[in-house]
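Accompanying notes for the structure given below.
In the working numbering, the protein residues as written are 877 to 1237.
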């Protein structure tokens, strides 16, 4: 195993790149990652520019803020307008709902607060016992346990969570079944894999004959994961392998997995622009329904709008369009004034691309 300092040593990177070139057959290969942090590593370090031209490195649905359905934010906005306390992560403030954002609601006078995590929201609930406090909980398997812990710790009766928690493997199943979108390999997300492990990807690898490799976040991690995928392809194998073994274990994190199982059930869930994906969401178990915002409050019936006119986020999220293909990119839609969800969050493909292009200029 390499020492941490060696992950940014050019000599090792050149050696891996040479091996990637050797393993490349010249045929088109599409490798998909599903992690915003991987996209940041890839874009800011120019990894796409050093790969052989026939290797297409594509960003999939790896940004939890981007895939949060508009209907979930619509519910939070409705509760904010009822004078309840709304708490959430900073990235969620500017994510577009059907006709507003949480940031706009706060400007209009709603009590919307940015917190670092659900534990901060619980403290706000304790200090405001005469008001309802809602935490808008967005994330993947990585952040879901932090919310599960608070549910299991018997928080105040006035505290509830509006969950928009997604599972990555079902989204990977969706990608490999997209018509006209061939996936030759997956770089599986490092953070998520610390929780769920690497064994869970074996089903995808075996069922679809698609190599999967969990990767860390240094440039060399990403390059090495690509090399490992190409080696599997050359050898006619399709397995779930672990490049990030210094952190990720095959079985994942048993303690975190138990929290997830105790606090949540898995059911079909809506993803922005992707529709409803089977068994892809964590929802609070019935025994904790007093802390489930969806069950605690009645909501108005409305038709939510996930994708605003002209926005290509739904295609960008799926890896079917590059951010630069959107006519709004860099014009109507910028990191300073985002129009679509992929330009809002720090893990959004459009935002990462815009910021990396600005650095290159």
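By construction, the Cβ of each residue, glycine as well, lies at the ideal position given by its N, Cα and C atoms.
Find out if the Cβ-Cβ distance for the pair residue 969, residue 955 is shorter than 8 Å.
no
Among 1099, 1172, 1134, whose alpha-carbon lies nearest the alpha-carbon of residue 1036?
When C-alpha distances from residue 1036 are compared across 1099, 1172, 1134, the shortest belongs to 1172.
Rounded separation between residue 1177 and residue 973 - CA only
15 Å
At least three beta-carbon pairs within less than 8 Å, the stretch 919 to 927 to the stretch 1198 to 1215:
no
With respect to the beta strand (DSSP E) encompassing residue 943, which residues constitute its N-terminal and C-terminal limits?
Unbroken run through residue 943 is the alpha helix (DSSP H), 940 to 943; no beta strand (DSSP E).
Whole-Å CB distance - residue 1042 paired with residue 1016, under 8 Å assumed:
Confirmed, about 6 Å.
Roughly how far, in whole angstroms, is the beta-carbon of residue 1098 from the beta-carbon of residue 917, given that I think they are within contact range, below 8 Å?
In this structure residue 1098 touches residue 917 by the C-beta definition: roughly 6 Å separates them, less than 8 Å.
What's the call for residue 1116, buried or exposed, on a 16-neighbour Cβ count within 10 Å?
buried
Hey, residue 1123 and residue 1086 are a contact pair by Cβ (cut 8 Å); roughly how many whole angstroms apart?
About 23 Å separates the two Cβ atoms, so there is no contact after all.
Could you tell me which of 1164, 1061, 996, 1216 sits nearest to residue 1082, measuring between CA atoms?
1061
Give me the Cα-Cα distance between residue 1130 and residue 1020, rounded to the nearest whole angstrom.
14 Å
From residue 1058 to residue 1005, what does the alpha carbon distance come to, in whole angstroms?
53 Å
To test your reading of the DSSP string, which unbroken beta strand (DSSP E) runs of 3 or more residues are found completely within the stretch 928 to 972?
931 to 935, 961 to 964
Pairwise C-alpha distance: residue 994 and residue 1022:
7 Å
Rounded to a whole number of angstroms, what is the C-alpha to C-alpha distance between residue 1139 and residue 1164?
8 Å
Residue 1212 classed as buried or exposed, judged by whether at least 16 other C-beta atoms fall within 10 angstroms:
exposed
Taking C-beta to C-beta, are residue 892 and residue 934 nearer than 8 Å?
no
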